[in-house]
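The structure appears below as structure tokens.
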Ligand code: IVH
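In our numbering, the protein residues as written are -9 to 692.
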């Protein structure tokens, strides 16, 4: 607002008219910067002041209200970013296979898990895997009340208003018999023909075009202004469900049929198959139909048809045991390998990256491919200037398959792998020994460790990443700039930024607006309280990803208990070390990596300073009225009614801790026929032992 601004009551009609015109234009410009460019130039308060001034003048001069007045535009005000939605039932991903043999193996694995003979018939559904983005739509008493993207599987973004605009998503459920609470899940996509029209229109309007229908669907769904989503040709196929207040049906197939009756589009190529052979037959049919379909698919999804069996099979990590994606062969293209560059990973590994002449593979422009390590370059005999065959499967990082025409006369010299880190310190890079075999391994690592600035930056990037602290608005660019200036050198510094807000004058920097600065500080504050699982991921301990972090968090429950145990475990004879190794899912290499992390004074310092800034929320033991919740259980001997895997999975689902060996901490040993040393040890220690039958009776059956 200019200082010379007049009181509204002293404006002449001419002045009012001029100012209203100016305000309409200015506010529209700021709306565009905010919504479309995500790069606001004024603060929310300044924006609000403009709108208030507009309203005040319009109230005084009602006859001067313009057709394009900001007060007439719905939803033009600065909307918050998308709200977050917690998925009560996690949105999972699917494991992939690429060959017929693996499909047979998938079916055989399920038979084994259920302890069924191979001859026992087991039906599956087979349906196209739609290349769009998944979405969960919640109905209460038959009315659409919320829609969310998948996000990280546990928390997604609230896209309710956008999904309401999709024509084949019912706002009210048709038919009868739906549960009072029903979350329908499926894929949002844009058909190919409509994608072509949409891109033509974008081009004509001088706007950027989308690389493929999937990106276009994602961009169209995630619009803060739902009227933009409404103008895009979004479609939806229903194929799964999340929270439901009562069962929908007994089988997958019946559930899909019900979705159809309740008003959803369901994929017409969905088929019931009686065995692996039949699944592969359907795969071939769908593969042949692929070119004629009006939407992109990247494979076929198989699901165990009986829902009671799906329940028994459960999940491993983030994918169901009862489902599998059979992907189409990866798409290939040839291009020129222009240069080989070395990048430094979080743990200092020197990773060679192929810089390619940009080429489109499977609808995506690729200009980089990982060459993994020195051995891979030798295996491929890849040299700068070579023509290479590139392939890309789904979301997997593009790979170089082979060098085309490696025998041509004019070739560059063989690539020489660097002996030093490319960081400013130029520290020596050392070929590491394999942790398991002790033989020279494939990884070359910078020996600079904590001194290597490249590693420290990677570490910070990992720290704020989605599975770790998930600090939105803190991307690679910002981290690099803050690190370079010495403002953020280690994780604790991130949480000290707020205290230096005024001195930093971030909003004056290029690429920052008042809103983005505020969003960043809000995001940091929001993460000052963090779950133990996220903290464990964020520490960046080698070999510790989300699955292990989750397991450690569920086992130790609090940072204090975990840390005390890791300190005690520095003495490998201490029981704390034995217990860590006994956790089902922690191998000896992992256990060693965790313990070594805390042996390093530098790490202890980093963690201590970080903990001075944040609060770690204890994990809650799984709420369970089951008699085995919180108990440590060991299985030994042959189990008759269920496989070892199912027994372990079921025990864990009931809140028990499953261990691999017997110790004084063991509460129950379930011993089948043939049990030997573990049973003996349990008896010596006075641990309660029981048969499989007694165990099943205790937990209430399979
Ligand atoms: S079922 C628990 N069925 O593939 C199983 N997913 O790679 C949940 N997708 O996130 C998924 N078509 O976005 C299922 N017919 C289909 C699908 C499908 C596409 C996507 C979905 C999922 C991803 C997993």
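Beta carbons: idealized from backbone N, C-alpha and C, even for Gly.
Express the C-alpha separation of residue 360 and residue 396 in angstroms, rounding to a whole number.
19 Å
Taking the straight line between their C-alpha atoms, what separation do you get for residue 389 and residue 256?
34 Å
Nearest-angstrom Cα separation, counted from residue 467 out to residue 66:
At residue 66, the pLDDT of 32 sits below 50, so the modelled position is not reliable; the number obtained from the coordinates is stated separately. When rounded, the distance between both Cα atoms is 29 Å.
Inspect the CB distances between the stretch 96 to 106 and the stretch 160 to 168 and report whether three or more fall short of 8 Å.
no
Mind checking whether residue 276 and residue 294 have CB atoms under 7 Å apart?
no
With distances taken from CA atoms, which of 59, 32 and 36 is nearest residue 44?
59
If you check the beta carbons only, do residue 421 and residue 434 fall under 7 Å apart?
yes
Identified DSSP bridge partners for residue 314
292
Tell me, please, which residues DSSP counts as bridged to residue 764.
No statement about residue 764 is possible, as the shown extent of the chain runs from -9 to 692 and does not include it.
Would you kindly check if the distance between the Cβ of residue 116 and the Cβ of residue 292 is under 7 Å?
yes
So that I know if they touch, is there some Cβ in chain B lying closer than 7 Å to that of residue 592?
Among the protein chains of the structure shown there is no chain B, as only one such chain exists.
What residues in its chain sit with their C-beta under 8 Å from that of residue -5, if we drop five residues either side in the sequence?
43
Taking residue 493 and residue 547 to be in contact with their CB atoms under 8 Å, please state how far apart those CB atoms are, rounded to whole angstroms.
Between residue 547 and residue 493 the Cβ distance is about 39 Å, and since that is not below 8 Å, they are no contact.
Leaving aside the five residues before and after residue -3 along the sequence, list all residues of the same chain whose C-beta is less than 6 Å from its C-beta, in chain order.
none
Proximity winner among 91, 14, 86 and 690, relative to residue 54 (alpha-carbon distances):
14
Per DSSP, which residues does residue 326 bridge with? Please list them.
377
Does the beta-carbon of residue 438 have 16 or more other beta-carbons within 10 angstroms, so that it is buried, or is it exposed?
buried
For residue 523, tell me which candidate among 514, 568, 458 and 497 has the shortest Cα-Cα distance.
458
For residue 298, which of 265, 240 and 120 has the nearest alpha-carbon?
240
For residue 231, which residues does DSSP report across the bridge?
174
Pick from 443, 312, 402 and 424 that is closest to residue 416, judged by C-alpha positions
443
7 Å Cβ cutoff met for residue 168 and residue 252
yes
Are the Cβ atoms of residue 321 and residue 345 separated by less than 7 Å?
no
How far does the beta strand (DSSP E) with residue 344 in it extend, from its first residue to its last?
340 to 351
Have a look at residue 530 and residue 224 and give me their C-alpha separation to the nearest angstrom.
39 Å
When every heavy atom of the ligand IVH is checked, does at least one fall within less than 6 Å of the C-beta of residue 207?
no
May I ask you to list the residues that DSSP assigns as paired with residue 704?
Residue numbering for the chain in the displayed model covers -9 to 692; residue 704 lies beyond these limits and cannot be assessed.
Residues bridged to residue 713 (per DSSP)
What is shown of the chain runs -9 to 692, which leaves residue 713 out entirely.
For residue 436, which beta-bridge partners are listed by DSSP?
419
Neighbourhood of residue 357 by C-beta distance below 6 Å, restricted to the same chain and skipping five residues each side:
346 and 348
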